[in-house]
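Visitor: There's a structure below that I have some questions on.
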Amino acid sequence: MNGETRLLAPLVPTRGYFPDFLTPAEGLLGMDEALAALRETPAARLHDELSRLAPAAGRPLPAWIRDMADGETRALGRLAGILRRYYEAAVAPYWPRVQGRIEADRAARGRALLDGGADRLLASLPPMMRWRPPVLEADYPVERELHLGGRGLLLLPSYFCRRTPVTFYNPDLTPVLVYPVEHQVPRLTPTVPPDRSLGRLVGQTRSAILHGIGVGCTTSELARRVDVSLASASQHATVLRDAGLLFTLRQGNAVLHTLTPLGAALLRGARATEQAAGGPAPGGTAAVEA
């Protein structure tokens, strides 16, 4: 990567304070929207948030960050450009698999919500968070309390968040808790077309497995939906997982299977082909967000 990405280090220390404007709400819509929002950050907010960095870091900030704190639009544009190039080099090649893990976590939380409401959802969060009604406790670098005041709480699973959750410094912003997804699978490698693995998918049973997974199910549920044995469902799920078409997340004594973006795209293509040929119309999908 270009050496200029090292310039980001003072803005995002390994622990402690970092500016809220670096994580705009528009980031939920995509990288383009996030960078557009970042470029529109008001000068007063930049000065307020960046002025806290130097005391937290214990050393003077680089000149270009001081310029940004003083409202220099060129410095803010430079930051947006660095972030764009860093994303393209370090994140974009891995994004489909990162997204697959995030969607698997969302499916697990949505399932907990449907099965037992908010209590079950909050109790299902990773072990660094503990639901003790009416308080959600979390491991955190510093002592802190966040009072919702009836505003609700947006839970965001993150592949890049490690060890402890994070939230905004400013308590007046929309309450958000970003927490780590579980990392119990091999490290990521860049996404490549799995030609040989996809060749193993020929057959009605694995097609039925893909359709049967829907928005997420356990191996036992999958076996019932497809009308195969538990061992057969597990074997087919393994092949599909190796091909990059589904992701598996352990939930207690069971495992939850969800489609990866590649698996969902393959399924959409198959349904579109059926519809064009006069076959069954595509079924609906459902998603639950906490």
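For the sequence shown, numbering that gives the first Met the number 0 puts the final residue at 289, and the numbers step up evenly by one.
Beta carbons: idealized from backbone N, C-alpha and C, even for Gly.
1) Residue ranges of each beta strand (DSSP E) run of no fewer than 3 residues wholly in the segment 132-163, ordered along the chain?
2) With H, G and I counted as helix, E and B as strand and the rest as coil, what does DSSP make of H210?
3) Whole angstroms are fine: how far does the CA of T218 sit from the CA of E48?
4) Counting only the same chain and skipping the five closest in sequence on each side, list residues whose C-beta sits under 7 angstroms from that of M67.
5) Looking at the secondary structure, which residues open and close the beta strand (DSSP E) in which L258 lies?
6) How long is the line joining the alpha carbons of E181 and R14, rounded to whole angstroms?
7) Note down the Cα distance separating P132 from L152, rounded to an integer number of angstroms.
8) Under 8 angstroms: do the segment 134-146 and the segment 21-28 share three or more Cβ pairs, one atom per stretch?
9) What is the DSSP secondary structure of P9, counted as helix, strand or coil?
10) Would you report the Cα separation of W94 and G243, rounded to the nearest angstrom?
11) With a 10 Å radius around its C-beta and 16 neighbouring C-beta atoms as the bar for buried, classify S228 as buried or exposed.
12) Might you give, ordered along the chain, the residues of its own chain that have their beta carbon closer than 8 angstroms to the beta carbon of M127, omitting 5 neighbours on each side?
13) If I follow the unbroken beta strand (DSSP E) through Y178, where does it start and stop?
14) In its own chain, which residues sit with a C-beta less than 7 angstroms from the C-beta of L261, not counting the 5 before and 5 after it?
15) With which residues is W130 paired in a DSSP beta bridge?
16) Suppose the cutoff is 6 angstroms on Cβ atoms and the five residues either side in sequence are ignored; what does the same chain contact list for L124 look like?
17) Distance check for A53 and L155, CA to CA, integer angstroms please.
18) Once the 5 residues before and after L236 are set aside, which same chain residues still bring their CB inside 8 angstroms of it?
19) Could you tell me the distance, in whole angstroms, from the CA atom of R240 to the CA atom of S157?
20) Start and end of the alpha helix (DSSP H) containing T72?
21) Is it buried or exposed, D194, if we count other Cβ atoms within 10 angstroms and call 16 or more buried?
22) Here's the rule I'm using: 16 or more other beta-carbon atoms within 10 Å means buried, otherwise exposed. How should D104 be labelled?
23) Please state if the CB of L6 and the CB of I81 are separated by a distance shorter than 8 angstroms.
24) What does the alpha-carbon distance come out to for the pair E32 and R38?
25) Got a sec, what are the start and stop residues for the beta strand (DSSP E) T247 sits in?
Guide: Working from what's here:
1) Taking only runs of at least 3 residues, the beta strand (DSSP E) segments lying wholly in the segment 132-163 are 134-137, 153-157.
2) Along the sequence shown, read from residue 1 onward, the residue named residue 210 stands at position 211. Of the three classes helix, strand and coil, the one that applies to H210 here is helix, per DSSP.
3) Taking the sequence shown and counting its residues from 1, one reaches residue 48 at position 49. Taking the sequence shown and counting its residues from 1, one reaches residue 218 at position 219. If you take the alpha carbons of E48 and T218, they lie about 48 angstroms apart.
4) Here residue 67 refers to the residue found at position 68 when the sequence shown is read from its first residue. Same-chain partners within the cutoff: L45, L49, A74, L75, L78.
5) Walking along the sequence shown from the start, residue 258 turns up at place 259. Run containing L258: 253-258, per the beta strand (DSSP E) assignment.
6) For the purposes of this step, residue 181 is taken as the residue at position 182 of the sequence shown. For the purposes of this step, residue 14 is taken as the residue at position 15 of the sequence shown. Put simply, the backbone Cα of E181 is about 20 angstroms away from that of R14.
7) One-based indexing of the sequence shown puts residue 132 at position 133. One-based indexing of the sequence shown puts residue 152 at position 153. Here the C-alpha atom of P132 lies approximately 14 angstroms from the C-alpha atom of L152.
8) As far as the Cβ criterion goes, the segment 134-146 does not touch the segment 21-28, which means the pair count is below three.
9) Locating residue 9 in the sequence shown gives position 10, where the first residue counts as 1. Reduced to three states, the DSSP call for P9 is helix.
10) Locating residue 94 in the sequence shown gives position 95, counting from the first residue. Locating residue 243 in the sequence shown gives position 244, counting from the first residue. Distance between the alpha carbons of W94 and G243: 13 angstroms.
11) To locate residue 228, count along the sequence shown from 1; it is residue 229. Classification for S228: exposed.
12) For this step, residue 127 is matched to residue 128 along the sequence shown. Here M127 has A137, D138, R162, T163, P164, Y178, P179 as same chain residues with Cβ atoms under 8 angstroms from its own Cβ, once five neighbours each way along the sequence are excluded.
13) The count along the sequence shown starts at 1 and reaches residue 178 at position 179. Residues 175-179.
14) On the sequence shown, residue 261 is found 262 positions in, with the first residue counted as 1. Hits under 7 angstroms: P95, G243, L244.
15) Taking the first residue of the sequence shown as 1, we reach residue 130 at position 131. BP columns for W130 point to L135.
16) Taking the first residue of the sequence shown as position 1, residue 124 is located at position 125. Setting aside the 5 residues that flank it on each side, L124 has no residue in the same chain whose C-beta is closer than 6 angstroms to its C-beta.
17) Taking the sequence shown and counting its residues from 1, one reaches residue 155 at position 156. Taking the sequence shown and counting its residues from 1, one reaches residue 53 at position 54. Cα to Cα, L155 sits roughly 28 angstroms from A53.
18) Residue 236 sits at position 237 when you count from the first residue of the sequence shown. Looking at the sequence itself, residue 236 is Ala, so the reference to Leu does not match. Within its own chain, the residues whose Cβ lies closer than 8 angstroms to the Cβ of A236, once the five positions on either side in sequence are excluded, are I208, T218, L221, L245, T247, H256, listed in chain order.
19) As a working mapping, residue 240 is identified with position 241 in the sequence shown. As a working mapping, residue 157 is identified with position 158 in the sequence shown. Take the alpha-carbon of R240 and the one of S157: they are about 21 angstroms apart.
20) Within the sequence shown, the letter at position 73 stands for residue 72. Going by DSSP, T72 is part of the alpha helix (DSSP H) stretching over 72-89.
21) Position 195 of the sequence shown, counted from the start, is the residue given in the question as residue 194. Only weak support exists for where D194 lies, its pLDDT of 39 falling under 50; the value from the coordinates is given anyway. The residue is exposed, with fewer than 16 neighbouring Cβ atoms inside 10 Å.
22) What you label residue 104 is simply residue 105 of the sequence shown in a count that begins at 1. By the C-beta density criterion, D104 is buried, having at least 16 other C-beta atoms within 10 angstroms.
23) Here residue 81 corresponds to residue number 82 of the sequence shown, with the count starting at 1. Here residue 6 corresponds to residue number 7 of the sequence shown, with the count starting at 1. Yes, these two residues count as a Cβ contact at 8 angstroms.
24) Sequence index remark: in the sequence shown, residue 32 carries index 33 (1-based). Sequence index remark: in the sequence shown, residue 38 carries index 39 (1-based). Roughly 10 angstroms separates the two Cα atoms.
25) For the purposes of this step, residue 247 is identified with residue 248 of the sequence shown, where counting begins at 1. 245-250 is the extent of the beta strand (DSSP E) around T247.
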